[in-house]
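Everything in the sequence shown is counted per our numbering, starting at 446 for the first residue and increasing by one.
Even glycine gets a Cβ: it sits at the ideal position worked out from N, Cα and C.
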Amino acid sequence: MVSESGVNATRLARAEKAVLGEIWTSSAAYDNLVYLCDWLGNRWAGSDSERRAASYLMDRARQYGLRNLEGQEFRHNGWTRGPVHLEVLAPVAREVAAISLPYTPPADLEGEVIWVGQGEEEDFKRLEGQIAGKIVLSAAEASPGAGQRSSHRREKFARAIDAGAVAFLFANQNPGMMAITGALAAGFPAEIPGLGLPKESGDYIVRLLDHGPVRLKIHVEASFAPTSSVNVIGQVGPASPDGPFLITGGHYDAHDIAVGALDNAAGAVIVLEAARALATVADDLPMPVRVILFACEEVGLLGAWYYAEQARSDLDRCRFVLNVDSAAVGAPGNENLTLCGFPELVPYFQEVGRRMCYEVPVKDGLSAYSDHFPFAVAGVPNASMGARDESSRLVGRGWGHTAADTVDKVTPKSLQASAATTARLLLRMAFEENWPARHRTRADMAETIASSPIGWYVKRFGRYPFQPAEG
Ligand SMILES: [Zn+2]
Numbered sequence: 446m447v448s449e450s451g452v453n454a455t456r457l458a459r460a461e462k463a464v465l466g467e468i469w470t471s472s473a474a475y476d477n478l479v480y481l482c483d484w485l486g487n488r489w490a491g492s493d494s495e496r497r498a499a500s501y502l503m504d505r506a507r508q509y510g511l512r513n514l515e516g517q518e519f520r521h522n523g524w525t526r527g528p529v530h531l532e533v534l535a536p537v538a539r540e541v542a543a544i545s546l547p548y549t550p551p552a553d554l555e556g557e558v559i560w561v562g563q564g565e566e567e568d569f570k571r572l573e574g575q576i577a578g579k580i581v582l583s584a585a586e587a588s589p590g591a592g593q594r595s596s597h598r599r600e601k602f603a604r605a606i607d608a609g610a611v612a613f614l615f616a617n618q619n620p621g622m623m624a625i626t627g628a629l630a631a632g633f634p635a636e637i638p639g640l641g642l643p644k645e646s647g648d649y650i651v652r653l654l655d656h657g658p659v660r661l662k663i664h665v666e667a668s669f670a671p672t673s674s675v676n677v678i679g680q681v682g683p684a685s686p687d688g689p690f691l692i693t694g695g696h697y698d699a700h701d702i703a704v705g706a707l708d709n710a711a712g713a714v715i716v717l718e719a720a721r722a723l724a725t726v727a728d729d730l731p732m733p734v735r736v737i738l739f740a741c742e743e744v745g746l747l748g749a750w751y752y753a754e755q756a757r758s759d760l761d762r763c764r765f766v767l768n769v770d771s772a773a774v775g776a777p778g779n780e781n782l783t784l785c786g787f788p789e790l791v792p793y794f795q796e797v798g799r800r801m802c803y804e805v806p807v808k809d810g811l812s813a814y815s816d817h818f819p820f821a822v823a824g825v826p827n828a829s830m831g832a833r834d835e836s837s838r839l840v841g842r843g844w845g846h847t848a849a850d851t852v853d854k855v856t857p858k859s860l861q862a863s864a865a866t867t868a869r870l871l872l873r874m875a876f877e878e879n880w881p882a883r884h885r886t887r888a889d890m891a892e893t894i895a896s897s898p899i900g901w902y903v904k905r906f907g908r909y910p911f912q913p914a915e916g
């Protein structure tokens with residue numbers, strides 16, 4: 446199924462070796478990561494920090510020889526946190542550490558808390574009739590076993606809303622007083638207020654519940670204001686206005702409580718590093734590679750939704766979208782690939798891994814929670830590259846979405862490994878003479894999504910999780 450004939454195979458091998466040499470002898474990716482995180486800061490959606498990161502990435506892209514550079518600006522409704530207080534009123538009086546979750550509305554309320562465990566469908570079913578009027582406390586994440594799926598925050602939140610909860614508390618499962626964050630909505634005020642708790646706060650409330658009802662008081666200040674963000678777009682390879690092309694991308698924004706080194710300064714610099722290396726063999730590339738560094742992923746994929754909408758008529762020619770999100774976790778070589786709606790490509794990428802003498806675990810599974818998703822909805826073959834560190838024993842995102850997602854969690858070698866994998870996969874796809882995937886229609890994809898684990902959500906809310914209201 447994977448095929449490159451004689452001349453092509455020679456050109457591919459030459460390009461691949463050049464690209465590998467380029468990446469493994471450079472500190473560019475790590476230098477860029479350090480600058481984004483330590484100098485520019487959190488790159489929060491719509492902030493000055495995010496804007497300055499866009500200019501920095503644009504300058505780098507120019508310096509690396511990317512062409513057709515564009516800063517694609519789009520408007521959205523920004524959110525800024527204010528003070529928050531979470532107090533236990535009974536059975537004892539005590540303030541508990543918590544932060545507000547992005548897009549929570551301001552709030553002043555009291556209520557009894559109910560612990561829903563993992564916050565999965567069966568948990569809410571078990572507690573049916575007991576949740577209305579209460580404050581739901583849910584475990585933030587899970588590390589599901591093989592074949593299991595754990596719900597995303599937005600799905601747990603939606604179940605709480607449906608059950609009549611008045612507020613939502615989302616407790617980290619990793620110790621260290623790390624309050625966990627994550628947006629509640631895509632650029633609009635969330636339906637009910639939500640807070641992120643460190644594991645220790647969540648455990649404390651659960652222990653109190655052993656002794657009877659626990660009453661909480663929540664005070665949240667937050668503000669909303671129109672702002673804008675910028676997708677950074679460039680291209681390497683031949684100018685080919687009518688032919689096929691590839692897209693690679695990753696988000697450069699992060700949460701306001703973190704510098705987001707792993708999630709996802711790493712992904713942005715990996716994509717940029719792959720592009721830098723590919724630019725050195727641009728004349729050999731059989732098709733262009735579009736490079737998109739997305740803004741506002743953390744607040745509902747706003748950058749990717751906007752790009753995919755603007756490029757709608759163009760996407761028919763897009764052979765594949767390779768998104769890179771949190772792909773430098775732990776030691777080098779932890780990368781994996783998750784296709785979204787294209788199971789026929791699993792054997793293709795397995796074969797590519799064997800040919801590269803660098804096998805990357807690959808599966809197909811529907812996920813609505815990174816920048817590949819708007820492209821999946823449009824029926825474009827796509828995958829997200831991520832990484833898992835099985836040795837860390839951390840649940841879910843680990844350091845991600847906490848203030849501990851700092852530069853020290855990322856090694857230069859893991860950036861090099863992921864950049865090399867990204868560049869090689871793009872090269873292999875560009876050289877492929879018998880590309881095995883076909884685009885799907887939007888209707889066909891919609892049907893697949895409807896019958897997936899997020900199908901209920903789409904039916905209930907009339908849109909995909911994290912789809913902007915106007916999208
Ligand atoms: Zn991310």
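> Rounded to whole angstroms, how far is the Cβ of Glu-789 from the Cβ of Asn-453, which I believe are closer than 8 Å?
Replying inline: The Cβ separation is near 23 Å, so there is no contact.
>> Threshold first: 3 residues or longer. Then list the beta strand (DSSP E) segments lying entirely within the stretch 610-694, N to C.
In response: Unbroken beta strand (DSSP E) stretches of 3 residues or longer found wholly inside the stretch 610-694: 612-616, 639-642, 660-681, given in chain order.
> DSSP beta-bridge partners for Asp-922?
Replying inline: Past the edges of the chain, shown from 446 to 916, lies residue 922, and the structure says nothing about it.
>> Tell me the rounded alpha-carbon separation between Arg-764 and Ile-692.
In response: Ile-692 has its alpha-carbon roughly 8 Å from the corresponding atom of Arg-764.
> Closest to Ala-587 by CA distance: which of Gly-786, Gly-609, Ala-616, Ala-628 is it?
Replying inline: Cα-wise, what sits closest to Ala-587 is Ala-616.
> Within 7 Å: the Cβ of Glu-586 and any heavy atom of ligand 1?
Replying inline: Annotation for Glu-586 indicates a beta carbon at 7 Å or more from all heavy atoms of ligand 1.
> Opposite Gln-517 in the DSSP bridges: which residues?
Replying inline: Looking at the DSSP assignment, Gln-517 forms a beta bridge with Asn-676.
> Looking at Ala-631 and Val-479, is the spacing between their C-beta atoms short of 8 Å?
Replying inline: Not in contact: Val-479 and Ala-631 (Cβ atoms no closer than 8 Å).
> Can you list the beta strand (DSSP E) stretches of 3 or more residues lying completely in the stretch 762-834, in chain order?
Replying inline: Runs found: 763-769, 780-784, 807-809, 827-832.
>> At 4 residues or longer, what runs of the alpha helix (DSSP H) sit wholly inside the stretch 690-758?
In response: Listed in chain order, the complete alpha helix (DSSP H) runs (minimum 4 residues) inside the stretch 690-758 are 711-724, 747-755.
>> Just to be sure I understand the criterion: a residue counts if its Cβ is closer than 5 Å to at least one heavy atom of ligand 3. Which residues meet that?
In response: No copy of ligand 3 occurs in the structure displayed; its ligands are ligand 1 alone.
>> For Val-766 and Pro-643, what's the separation of their Cα atoms in angstroms?
In response: When rounded, the distance between both Cα atoms is 35 Å.
> Per the contact definition of three or more C-beta pairs closer than 8 Å, is the stretch 794-811 in contact with the stretch 722-742?
Replying inline: By the criterion of at least three beta-carbon pairs nearer than 8 Å, the stretch 722-742 is not in contact with the stretch 794-811.
>> How far does the alpha helix (DSSP H) with Gly-466 in it extend, from its first residue to its last?
In response: Annotation for Gly-466: the continuous alpha helix (DSSP H) segment containing it runs 451-469.
> For Thr-549, does the three-state DSSP call read helix, strand or coil?
Replying inline: The three-state reading of DSSP puts Thr-549 in coil, since its state is none of H, G, I, E or B.
> If we count the other Cβ atoms within 10 Å of its Cβ and call it buried at 16 or more, is Cys-785 buried or exposed?
Replying inline: Burial of Cys-785 is indicated by the presence of at least 16 other C-beta atoms within 10 angstroms of its C-beta.
> Is Cys-741 buried or exposed, if buried means 16 or more other CB atoms sit within 10 Å of its CB?
Replying inline: By the neighbour-count definition (other C-beta atoms within 10 Å, threshold 16), Cys-741 is a buried residue.
> Does DSSP classify Ile-894 as helix, strand or coil?
Replying inline: Of the three classes helix, strand and coil, the one that applies to Ile-894 here is helix, per DSSP.
> Whose CA, out of Leu-811, Asp-834, Ile-663, Pro-913, lies closest to the CA of Glu-555?
Replying inline: Ranking Leu-811, Asp-834, Ile-663, Pro-913 by Cα distance to Glu-555 puts Ile-663 first.
> On the premise that Gly-564 lies in contact with Ala-577, defined as a C-beta separation below 8 Å, what is that separation, rounded to the nearest angstrom?
Replying inline: Ala-577 to Gly-564, Cβ: 16 Å. No contact.
>> Classify Ala-474: buried if its beta carbon has 16 or more other beta carbons within 10 angstroms, exposed otherwise.
In response: When all chains shown are included, Ala-474 counts as buried.
>> As an exercise, report each continuous alpha helix (DSSP H) stretch of at least 4 residues that is fully enclosed by the stretch 537-608, in chain order.
In response: Counting only runs of 4 or more, we get 566-571, 598-607.
> Between Thr-918 and Ala-703, which are expected to be in contact by the criterion C-beta below 8 Å, what is the C-beta distance as a whole number of angstroms?
Replying inline: Any question about residue 918 goes unanswered here, given that the chain covers just 446 to 916.
> Where does Trp-469 land, buried or exposed, given buried means 16+ other C-beta within 10 angstroms?
Replying inline: Trp-469 comes out exposed.
>> Using a Cβ distance threshold of 8 Å, determine whether the stretch 475-495 contacts the stretch 727-736, with at least three qualifying pairs required.
In response: Contact check between the stretch 475-495 and the stretch 727-736: fewer than three CB pairs, one atom from each, fall below 8 Å, which does not count as touching.
> At what residues does the alpha helix (DSSP H) containing Glu-390 begin and finish?
Replying inline: Residue 390 lies beyond the residue range present for the chain, which begins at 446 and ends at 916; the question has no answer from this structure.
>> My output table needs one value for Ala-499: the three-state DSSP class, helix, strand or coil.
In response: Three-state result, Ala-499: helix.
> Thr-856 by DSSP, collapsed to three states: which one?
Replying inline: Here Thr-856 carries a coil assignment [DSSP, helix/strand/coil].
> When the Cβ atoms of the stretch 674-682 are set against those of the stretch 518-528, are three or more pairs found closer than 8 Å?
Replying inline: Yes: the two stretches touch, three or more of their Cβ pairs being nearer than 8 Å.
> If we ignore side chains and look at the alpha-carbon of each, how far apart do Val-665 and Ala-463 end up?
Replying inline: Take the alpha-carbon of Val-665 and the one of Ala-463: they are about 54 Å apart.
>> On the DSSP letters alone, give me the boundaries of the alpha helix (DSSP H) that Phe-906 sits inside.
In response: From DSSP, the alpha helix (DSSP H) with Phe-906 extends over 900-906.
> Within this structure, are the beta carbons of Ser-829 and Asp-761 separated by less than 8 Å?
Replying inline: Taking 8 Å as the cut-off, the Cβ atoms of Ser-829 and Asp-761 do not count as close.
> Going by the beta-carbon positions, is the gap between Ile-637 and Ala-608 smaller than 8 Å?
Replying inline: A distance of 8 Å or more separates the beta carbons of Ile-637 and Ala-608.
>> I need the DSSP call for Val-479, collapsed to helix, strand or coil.
In response: Three-state result, Val-479: helix.
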